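First residue of the sequence shown? That's 57 in my numbering, and the numbers climb one at a time after it. Presented below is the structure to which this report refers.
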Amino acid sequence: MDDPDILIVGGGPAGAAAAIILAHSGRGVVLVEREPAPREKVCGEFLGADAIQCLRALGVDPAALGGAPIAEASIARRGGGEARMALPFLAFGLPRAIMDAALLDAATAAGATILRGQAVRDAARVPGGWSLRLAEGTLLQAPHLILATGKHGLRALPRATAAEGWTGAKLHLTLRAPLSAVTLLPFAGGYAGLQPSAGDEANLCAALAPGQAAAARDAAGFLALVASGSGLAGTLLEGAEPRMARPLTIAGVPYGFLHRDPVGADPDVWRVGDQFAVIPSFLGDGMAMALAGGMAAASSILAGQSATAFHAAWRRRLATPMRIAHVASHVLRRRPDLFAGVIAHAPSMARQIVRRTRVRLPA
Ligand SMILES: Cc1cc2nc3c(=O)[nH]c(=O)nc-3n(C[C@H](O)[C@H](O)[C@H](O)COP(=O)(O)OP(=O)(O)OC[C@H]3O[C@@H](n4cnc5c(N)ncnc54)[C@H](O)[C@@H]3O)c2cc1C
């Protein structure tokens, strides 16, 4: 911890991935995470092929952690029934509390210092690098700073946000019948994903359009909202037992945000994960982007590149998945039956769209 090379703010997948690679390479890493213990986060928990590949490269195996395998995707039709297709890869559903804890354990094992339960309050440019002030007053200093704080940034280094962002909501449930597919459930004012989670639980997670957040204040209201969208949702959610006191929510989600450095951006501040890009939920691979971005930023630091060069290259890499996911989310919201029609009648085109919204790592 004395004189670290790199400070990382945030211990989600992006920050943890960067910490593992850097610490493995012998660099002095201090990662600060404000949550004292693993906790659930608003997330559909869907791990696609790229996320799984990154996790395994980082020493974390979703199957060994009890993740639920998912081989199919389905979407409810407004008029009744559903359209199903085989996924082009085997996916997993894994609670975030389990996955994030395993990643931070791997970072500790690699030699990183993890400061848990400590929030970074401020960041300042100092000669030779960056200084962080923690909530209880400690000051940390290093030549490089990785910002991995997720959807909300540090006051000193703000990130563009949507004036009227979407709200994410999540509820763990037990369903009356077991579920095997990731199932998209559109409803007026948003859409949800329902999929198996670890153990006998399922995860219901929704993206709520601006103005719809109040519907997710309690479990009954949230379930009623999603169930109202389709006959399939009503059937799947009938008799569902919430396993959380109330839905977790996060406001101000700026779907479509893709970071671009302003002229004169600091060459020593790396943005990764949701600090760099926020892809529409269930239509892209937020966790793969976070994991792969953290790993790529670490490689960039090890190669002696600047953050601005990394940001420009990473932006080019993500531009196509972001564009396609944006169009797909528009169709899902406005014309859910057209979306279902593509899955039912042109499954190879649907699989191609799924592939084109991934980060696409080299095999
Ligand atoms: C509704 C919804 C559904 C989604 N579903 C999926 C899905 O099914 N599959 C998928 O791949 N992606 C999904 N995503 C996206 C995915 O959750 C994110 O892309 C991913 O969590 C980003 O990881 P991250 O490490 O950037 O941020 P986070 O996971 O948010 O981690 C950031 C960390 O920083 C910490 N932190 C923040 N501020 C400070 C501070 N000041 N000091 C110290 N620590 C701090 C936080 O406590 C947190 O642990 C979904 C997102 C939403 C909103």
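Glycine included, each C-beta is placed from N, C-alpha and C at the ideal position. Given the structure is predicted, the values throughout are model-derived calculations rather than measurements.
Residue burial classification, residue i (beta-carbon count within 10 angstroms, cutoff 16)
i, result
"H367", "buried"
"E138", "buried"
"A142", "exposed"
"R273", "exposed"
"E89", "buried"
"V282", "buried"
"R83", "buried"
"T223", "buried"
"G71", "buried"
"P318", "exposed"
"T194", "exposed"
"E294", "exposed"
"H228", "buried"
"Q109", "buried"
"G221", "buried"
"H200", "buried"
"P252", "buried"
"H80", "buried"
"P60", "buried"
"T205", "buried"
"G267", "exposed"
"E101", "buried"
"L146", "exposed"
"M343", "buried"
"A269", "buried"
"D117", "exposed"
"T376", "exposed"
"R152", "buried"
"G68", "buried"
Ligand 1 heavy atom lying under 7 Å from the CB of residue i
i, result
"A105", "no"
"I306", "yes"
"P69", "yes"
"M343", "yes"
"E192", "no"
"R90", "yes"
"Q331", "yes"
"V65", "yes"
"A205", "It is Thr, not Ala, that sits at residue 205 in the sequence shown. Correct: T205 has its Cβ closer than 7 Å to ligand 1."
"A180", "no"
"E257", "no"
"C110", "no"
"L159", "no"
"E96", "no"
"A263", "yes"
"R175", "Looking at the sequence shown, residue 175 is not Arg but Ala. Yes, Cβ of A175 sits closer than 7 Å to a heavy atom of ligand 1."
"F102", "yes"
"G28", "Nothing can be reported for residue 28, as the shown portion of the chain is limited to 57 through 419."
"A346", "yes"
"G249", "yes"
"S385", "no"
"G312", "no"
"L210", "yes"
"F338", "yes"
"L224", "The residue asked about is misnamed: residue 224 is Gly in this sequence, not Leu. Yes."
"V7", "The question about residue 7 has no answer, for the chain in this structure spans 57 to 419."
"V410", "no"
"V309", "yes"
First through last residue of the alpha helix (DSSP H) which encompasses residue i
i, result
"D424", "The chain is shown from 57 up to 419; residue 424 falls before or after that span and cannot be answered."
"R390", "363–390"
"M141", "Premise fails: M141 lies in the beta strand (DSSP E), 138–149, not in any alpha helix (DSSP H)."
"I357", "342–358"
Boundaries of the beta strand (DSSP E) in which residue i is found, first to last residue
i, result
"H80", "Element bounds for H80: not the beta strand (DSSP E) but the alpha helix (DSSP H), 69–80."
"I62", "62–65"
"I306", "304–309"
"A225", "222–230"
"P242", "238–243"
Identify every run of the beta strand (DSSP E) within the stretch 160–220, keeping only runs that are complete inside it and at least 3 residues long; order them along the chain. 169–172, 176–182, 185–190, 195–198, 200–203
Entirely within the stretch 84–125 and at least 4 residues each: give me those alpha helix (DSSP H) ranges in chain order. 105–113
Runs of alpha helix (DSSP H) lying entirely within the stretch 391–419, each at least 4 residues, in chain order: 392–401, 403–412
Length at least 3, wholly inside the stretch 247–296: the beta strand (DSSP E) runs in chain order: 258–264
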